[in-house]
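Asker:
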Amino acid sequence: MNQRYLIPLTAVFLLFLLAYAGVEGLGLQVVFGVLIPYLAIAAFVIGFVIKVKGWAASAVPFRIPTTCGQQKSLPWIKQNTIDNPSTSTGVFVRMLLEIFAFRSLFRNTKAAFNRNASNKLTYSFEIFLWVGALAFHYAFLVVLLRHFRFFTAPVPEVIQTLEYLDGIIQVGLPGLFISGPVLLLATLFLLSRRIFDAKVSYISQAADYFPLFLIIGIAATGIAMRYFTKVDIIGIKEMTMGLVTFHPHIPEEVGGLFYGHLFLVCILFAYFPISKLMHMGGVFLSPTRNMANNTRAQRHINPWNYDVPIHTYEQYEDHFRDKMIEAGLPVDKKE
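Numbering that gives the first Met the number 0 numbers the first residue of the sequence shown as 0 and each following residue consecutively.
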């Protein structure tokens, strides 16, 4: 097996065992149920703010949007107002489609050589990555929002509606939430793509596999607690409400599986600001996406340009006039 994904897999497994053994064997419920969650949330919030603040402070004096359509030009040439926007409205529509529909990923193509005598390079439409990414992100969002029922009392109506729609199929007892299996399957798809696609595997590092294994572990333990093992939901609700209200409470009937699940969630939150997962915040601050391409209509001058001593042509000619005349070069002034 490749060490680039074997090491992250082992790390996630050991992290789960650490929490499970710490609770079941050493009675460290306070550590894994109170201390670590608070530290993880603090690391997430502080790290997220620092990262976004650093990006926001990065100067972008010129318009550098990436485009794939016709720029605004002559009146009789049709402009692509979404892929090459020249106004703030066009940028807003572009960002909206990029954030909620992954528009640029939808145009993703796959390059490969034909396995025949001609051996030509061909490009084919690859929609599976787009579908997998959409399924992953929206399932993750639904799961995250659904879990707010553990942190609110009473549960907001919008969360109840979302929970109803997520379990509308009414399969089994307890009812099946679609987002859970979809999240697990979508993450497994993204992981298998990194492992079995030679080009993607070649550029993937251990840091690319670690969050995937973390999310798989979180989804798997969550599904196990809901459908295959019995957990004290009331005790978990009391515990989470205690965390939110800063009155920590450790229930007695909650086992190591829940604490292992919670510990993996805490690791994901703490790891988030220093990982590629920060594209969640970075997409809003990307100058290649959030800027209008209006360089033909408006001149953009670097605001911190300092005065540079220049040597004009007149000064140049005054300095070399005699030599220029001697060489037969034209000059503006004879003297």
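Yeah, the Cβ is synthetic: ideal placement off N, Cα and C, and Gly gets one too. Computed from a prediction, not measured in an experiment: that's the story for all the values here.
Can the beta-carbon of Ile217 be found closer than 8 Å to that of Val264?
Answerer: Walking along the sequence shown from the start, residue 217 turns up at place 218. Walking along the sequence shown from the start, residue 264 turns up at place 265. Against a cut-off of 8 Å, the Cβ pair of Val264 and Ile217 comes out as a contact.
Asker: For Arg3, which residues in the same chain have their Cβ closer than 7 Å to its Cβ, ignoring the five residues on either side in sequence?
Answerer: Here the question's residue 3 lines up with position 4 in the sequence shown. Within the same chain, Arg3 has close Cβ partners Ser203, Gln204, Ala205 and Tyr208.
Asker: Could you check the C-alpha separation between Asn292 and Ile98 for me, to the nearest Å?
Answerer: Position 293 of the sequence shown holds residue 292. Position 99 of the sequence shown holds residue 98. Answer to the nearest angstrom: the Cα atoms are 19 Å apart.
Asker: Would you grab the beta carbon distance between Gly21 and Leu27 for me? Rounded to a whole angstrom, and I think it's under 8 Å.
Answerer: Taking the sequence shown and counting its residues from 1, the one referred to as residue 21 is at position 22. Taking the sequence shown and counting its residues from 1, the one referred to as residue 27 is at position 28. Correct: roughly 4 Å between the Cβ atoms.
Asker: Entirely within the stretch 123-205 and at least 4 residues each: give me those alpha helix (DSSP H) ranges in chain order.
Answerer: 127-145, 156-165, 178-195 and 197-202
Asker: How about Thr186: is its Cβ closer than 7 Å to a heavy atom in the ligand GDP?
Answerer: With respect to the ligand GDP, the structure offers nothing, as it holds no ligand at all.
Asker: Relative to the alpha-carbon of Asn301, which residue among Arg106, Pro7 and Val59 has its alpha-carbon at the smallest distance?
Answerer: What you label residue 301 is simply residue 302 of the sequence shown in a count that begins at 1. When only C-alpha atoms are compared, the closest one is Val59.
Asker: So if DSSP puts Phe112 in a beta bridge, which residue, or which two residues, is it bridged to?
Answerer: Translated into the one-based positions of the sequence shown, residue 112 becomes position 113. Beta-bridge pairing links Phe112 to Leu120.
Asker: Which whole runs of the alpha helix (DSSP H) in the stretch 8-89 are 4 residues long or more, in chain order?
Answerer: Runs of the alpha helix (DSSP H) inside the stretch 8-89: 35-56.
Asker: Would you say Phe31 and Phe212 are within 8 Å of each other, going by their C-beta atoms?
Answerer: In the sequence shown, residue 31 corresponds to position 32, counting from 1. In the sequence shown, residue 212 corresponds to position 213, counting from 1. No, the pair does not count as a contact, with Cβ atoms beyond the cut-off.
Asker: CB Glu125 to CB Arg148, shorter than 8 Å?
Answerer: Taking the sequence shown and counting its residues from 1, one reaches residue 125 at position 126. Taking the sequence shown and counting its residues from 1, one reaches residue 148 at position 149. Contact: no.
Asker: Is there contact here, the stretch 126-138 with the stretch 179-191, by at least three beta-carbon pairs under 8 Å?
Answerer: yes
Asker: Less than 6 Å between C-beta atoms, sequence neighbours within five positions excluded: which residues of the same chain meet that for Val33?
Answerer: Against the sequence shown, residue 33 aligns to sequence position 34. Closer than 6 Å at the Cβ level, and outside the excluded window around Val33, lie Pro247.
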